[in-house]
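Q: Please see the structure below; I have some questions.
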Ligand SMILES: Cc1ncc(COP(=O)(O)O)c(C=O)c1O
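In the working numbering, the protein residues as written are 1 to 441.
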């Protein structure tokens with residue numbers, strides 16, 4: 001049997017030498033170069049890292065723990081505190097976080113408030129598919145709000161019209177890091193006894209009335225895909241105040257098991273062989289007792305280790321995203337044929353990307369402009385799925401729409417977004433603006 005001697009002095013010394021080599025490797029393999037307009041690409045997003053992420057990653061690889069472990073524990077504790085909630089459950093993607101959030105709401109423990117097949121969940125037509133998909137996967141019916149032009153968030157004036165006796169929850173994303181009025185949604189949900197889920201996958205660091213978005217509702221979700229504010233490569237988190245919801249979410253993530261032992265631990269409950277649950281015989285191993293239909297959506301400790309190093313930089317990342325967006329706004333403000341994004345009163349965006357709408361009657365179409373930017377190596381993206389109800393995947397999905405969704409259609413036709421991420425700076429922003437300006441001539 002393999003004996004773990006990693007704490008012994010020789011192993012500890014070798015570990016330190018390996019980590020020192022990683023620092024040297026980073027210095028040899030990467031350096032900062034001035035931006036060369038037109039020659040260097042300006043991607044829409046990407047991982048921003050230095051030797052600290054690499055050291056943390058290799059450190060965890062030498063643990064060879066592989067599944068979720070000490071780095072994940074540290075990340076959950078520190079990120080929850082930074083975010084402003086009590087609980088953080090790490091998962092392997094933002095999409096998994098939304099799946100866990102919606103699955104959590106179906107738990108029997110939640111009594112009459114639980115989400116059942118046939119219930120309705122209010123969401124937005126313009127956005128990312130995996131905000132909506134878990135509603136359908138739970139057998140519930142998505143009710144699509146139209147979007148606001150210029151914030152690209154859901155049109156909250158339609159909330160009352162969307163309400164029906166079957167409504168159980170609202171799940172809305174803060175689009176591209178630009179917050180909607182989460183207070184208004186919270187009040188609506190309180191009045192009608194609905195669950196509120198904030199998809200903050202794109203909005204870490206965005207605030208409403210000085211409070212992090214994601215702290216207004218019952219559950220928030222976060223993504224750590226490389227495009228996002230923090231990265232782990234792949235990863236996500238489910239955030240909440242309630243320890244009861246945490247326990248359910250963790251169980252959903254971990255195969256649906258009733259047991260809450262951390263990987264590698266046994267008998268945390270002190271009665272592993274003394275439970276009587278369901279139709280199982282008394283004493284059936286708690287480790288193999290399942291109280292719900294779950295998944296395995298855990299992440300590895302190596303992913304979490306990257307996240308721990310990123311967490312030290314989070315405030316700086318958010319500041320740089322805001323700065324990039326502000327620079328772009330200043331540079332583009334004189335172009336009459338563009339609509340620039342607007343923030344709500346009391347809302348501060350933490351831009352995931354910078355959205356631009358090409359107005360009707362403009363000298364170039366959105367598609368011509370995107371092509372022109374592409375020729376100059378400037379990356380662009382559309383606003384995710386545009387009007388999701390027009391996507392082939394939703395053709396046969398039972399849903400309701402509030403009105404004809406004209407703004408979601410408009411977004412699909414005339415909006416795109418460019419970089420705001422901290423891997424680029426003022427030079428790149430000015431080049432984007434100059435290229436857009438030049439496209440009309
Ligand atoms: C609003 C929103 N929700 C969910 C996700 C899914 O996150 P992930 O790519 O980590 O699955 C994304 C992805 O960018 C997103 O933009």
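All C-beta atoms, glycine included, are put in the ideal place defined by N, C-alpha and C.
1. Please say whether residue 303 and residue 403 have beta carbons closer to each other than 8 Å?
2. Quick one: what's residue 354 bridged to in DSSP?
3. Could you tell me which residues DSSP puts in a beta bridge with residue 338?
4. Indicate, with yes or no, if ligand 1 has a heavy atom lying under 7 Å from the CB of residue 93.
5. As a quick exercise: from 71, 362, 128, pick the residue whose alpha carbon is nearest that of residue 95.
6. Leaving out five residues before and five after residue 430 in sequence, what residues of the same chain have Cβ atoms less than 8 Å from its Cβ?
7. Taking its Cβ as the centre, do 16 or more other Cβ atoms sit within 10 Å of residue 282, making it buried, or is it exposed?
8. Let's see if you can read the secondary structure: which residues bound the beta strand (DSSP E) around residue 31?
9. For the alpha helix (DSSP H) holding residue 428, just list the boundary residues, first then last.
10. Is the beta carbon of residue 344 less than 8 Å from the beta carbon of residue 151?
11. For residue 132, which residues from the same chain have a beta carbon less than 7 Å from its beta carbon, with the 5 sequence-adjacent residues on both sides left out?
12. Which residues share a DSSP beta bridge with residue 167?
13. From the DSSP secondary-structure annotation, give me the bridge partner or partners of residue 88.
14. Please report the distance separating the alpha-carbon of residue 111 from that of residue 90.
15. Can you list, in chain order, the residues of its chain with a C-beta nearer than 6 Å to that of residue 75? Leave out the 5 residues immediately preceding and following it.
16. Out of curiosity, what's the CA-to-CA distance linking residue 37 and residue 428?
17. Less than 7 Å separating the Cβ of residue 437 from some heavy atom of ligand 1?
18. Please report the Cβ distance between residue 289 and residue 297, rounded to the nearest whole angstrom; I am assuming they are in contact, meaning their Cβ atoms lie under 8 Å.
19. Have a look at the DSSP bridge pairing and note the partners of residue 172.
20. To which residues of the same chain is residue 69 closer than 6 Å at the C-beta, ignoring the five residues directly before and after it?
21. If we ignore side chains and look at the alpha-carbon of each, how far apart do residue 191 and residue 166 end up?
22. Can you name the residues that DSSP bridges to residue 207?
23. Within the same chain, show all residues whose beta-carbon is closer than 7 Å to that of residue 346, passing over the 5 residues directly before and after it, in chain order.
24. Please confirm whether any heavy atom of ligand 1 lies closer than 7 Å to the CB of residue 236.
25. Quick one: Cα of residue 181 to Cα of residue 92, how far?
26. Measure the alpha-carbon distance for residue 256 versus residue 436 and round it to whole angstroms.
27. Give the range of the beta strand (DSSP E) segment to which residue 219 is assigned.
28. Counting Cβ pairs closer than 8 Å, one from the region 44-54 and one from the region 220-236, do we hit at least three?
29. In the DSSP assignment, what residue or residues form a beta bridge with residue 378?
30. What does the Cβ neighbour count give for residue 6, buried or exposed, with the cut at 16 atoms within 10 Å?
31. Residue 142 by DSSP, collapsed to three states: which one?
32. On the CB-based measure, 16 or more other CB atoms within 10 Å of its CB, does residue 246 come out buried or exposed?
33. Roughly how many whole angstroms lie between the Cα atoms of residue 32 and residue 42?
34. Nearest by alpha-carbon distance to residue 160: which of 146, 349, 188, 334 is it?
35. Tell me which residue opens and which closes the alpha helix (DSSP H) that residue 269 is part of.
36. Round the Cβ separation of residue 232 and residue 299 to the nearest angstrom and send it over; I've been treating them as touching at under 8 Å.
A: Result, derived from the coordinates:
1. As a position in the chain shown, residue 403 is number 403, starting the count at 1. As a position in the chain shown, residue 303 is number 303, starting the count at 1. No, the pair does not count as a contact, with Cβ atoms beyond the cut-off.
2. Along the chain shown, one-based indexing puts residue 354 at 354. Its beta-bridge partners are 418.
3. Within the chain shown, residue 338 is the residue found at index 338, counting from 1. Beta-bridge pairing links residue 338 to 358.
4. Translated into positions along the chain shown, residue 93 becomes position 93. With a cutoff of 7 Å, residue 93 counts as near ligand 1, since its C-beta is closer than that to a heavy atom of the ligand.
5. Numbered from its first residue, the chain shown carries residue 95 at position 95. Considering only alpha carbons, the answer is 128.
6. Here residue 430 refers to the residue found at position 430 when the chain shown is read from its first residue. Excluding five sequence positions before and after residue 430, the CB atoms of its chain that fall closer than 8 Å to its own CB belong to 327, 331, given in chain order.
7. Translated into the one-based positions of the chain shown, residue 282 becomes position 282. So residue 282 ends up on the exposed side.
8. On the chain shown, residue 31 is found 31 positions in, with the first residue counted as 1. Unbroken run through residue 31: none, as it is neither H nor E.
9. By one-based count along the chain shown, residue 428 stands at place 428. Run containing residue 428: 426-439, per the alpha helix (DSSP H) assignment.
10. Translated into positions along the chain shown, residue 344 becomes position 344. Translated into positions along the chain shown, residue 151 becomes position 151. Cβ atoms of residue 344 and residue 151: closer than 8 Å.
11. Within the chain shown, the letter at position 132 stands for residue 132. Setting aside the 5 residues that flank it on each side, residue 132 is surrounded in the same chain by 123, 142, 388, each with a C-beta closer than 7 Å to its C-beta; the list follows chain order.
12. For the purposes of this step, residue 167 is taken as residue 167 along the chain shown, with counting starting at 1. Note: residue 167 sits in a beta bridge opposite 120.
13. Within the chain shown, numbered from 1, the residue matching residue 88 stands at position 88. DSSP, once it has assigned bridges, lists 239 as partnering residue 88.
14. On the chain shown, residue 111 is found 111 positions in, with the first residue counted as 1. On the chain shown, residue 90 is found 90 positions in, with the first residue counted as 1. In a straight line, the C-alpha of residue 111 is about 26 Å away from that of residue 90.
15. Translated into positions along the chain shown, residue 75 becomes position 75. The answer, listed in chain order, is 304, 307, 308.
16. Locating residue 37 in the chain shown gives position 37, where the first residue counts as 1. Locating residue 428 in the chain shown gives position 428, where the first residue counts as 1. When rounded, the distance between both Cα atoms is 7 Å.
17. Reading the chain shown from its first residue, position 437 is the one you call residue 437. The answer is no for residue 437.
18. Translated into the one-based positions of the chain shown, residue 289 becomes position 289. Translated into the one-based positions of the chain shown, residue 297 becomes position 297. The Cβ separation is near 19 Å, so there is no contact.
19. Residue mapping note: residue 172 aligns to position 172 of the chain shown, counting from 1. Checking the DSSP bridge columns, you'll see residue 172 partnered with 198.
20. On the chain shown, residue 69 is found 69 positions in, with the first residue counted as 1. Answer for residue 69: 301, listed in chain order.
21. The sequence position of residue 191 within the chain shown is 191, counting from 1. The sequence position of residue 166 within the chain shown is 166, counting from 1. Across the structure, residue 191 and residue 166 are spaced so that their CA atoms are roughly 15 Å apart.
22. Residue 207 sits at position 207 when you count from the first residue of the chain shown. BP columns for residue 207 point to 212, 348.
23. Within the chain shown, the letter at position 346 stands for residue 346. Correct list, in chain order: 208, 209.
24. One-based indexing of the chain shown puts residue 236 at position 236. Answer for residue 236: yes, Cβ within range of ligand 1.
25. Here the question's residue 181 lines up with position 181 in the chain shown. Here the question's residue 92 lines up with position 92 in the chain shown. Approximately 28 Å between the Cα atoms of the pair.
26. Counting from 1 along the chain shown, the entry for residue 256 is found at position 256. Counting from 1 along the chain shown, the entry for residue 436 is found at position 436. The C-alpha of residue 436 is placed about 51 Å away from the C-alpha of residue 256.
27. Within the chain shown, the letter at position 219 stands for residue 219. Where residue 219 is concerned, the enclosing beta strand (DSSP E) stretches over 219-223.
28. Between the region 44-54 and the region 220-236, the count of Cβ pairs shorter than 8 Å is three or higher; the stretches touch.
29. Here residue 378 refers to the residue found at position 378 when the chain shown is read from its first residue. Partner(s): 42.
30. Taking the chain shown and counting its residues from 1, one reaches residue 6 at position 6. Sixteen is the threshold: since fewer than 16 other Cβ atoms of the shown chains lie within 10 Å of the Cβ of residue 6, the residue is exposed.
31. For the purposes of this step, residue 142 is taken as the residue at position 142 of the chain shown. Strand.
32. Here the question's residue 246 lines up with position 246 in the chain shown. The residue in question, residue 246, is buried, as its Cβ has 16 or more Cβ neighbours within 10 Å.
33. The residue given as residue 32 occupies position 32 in the chain shown. The residue given as residue 42 occupies position 42 in the chain shown. Going by the C-alpha atoms only, they are around 14 Å apart.
34. Here the question's residue 160 lines up with position 160 in the chain shown. Ranking the options by Cα distance to residue 160, first place goes to 188.
35. As a position in the chain shown, residue 269 is number 269, starting the count at 1. No alpha helix (DSSP H) contains residue 269, which DSSP labels as neither H nor E.
36. Residue mapping note: residue 232 aligns to position 232 of the chain shown, counting from 1. Residue mapping note: residue 299 aligns to position 299 of the chain shown, counting from 1. Yes, residue 232 and residue 299 are in contact; Cβ-Cβ is about 7 Å, under 8 Å.
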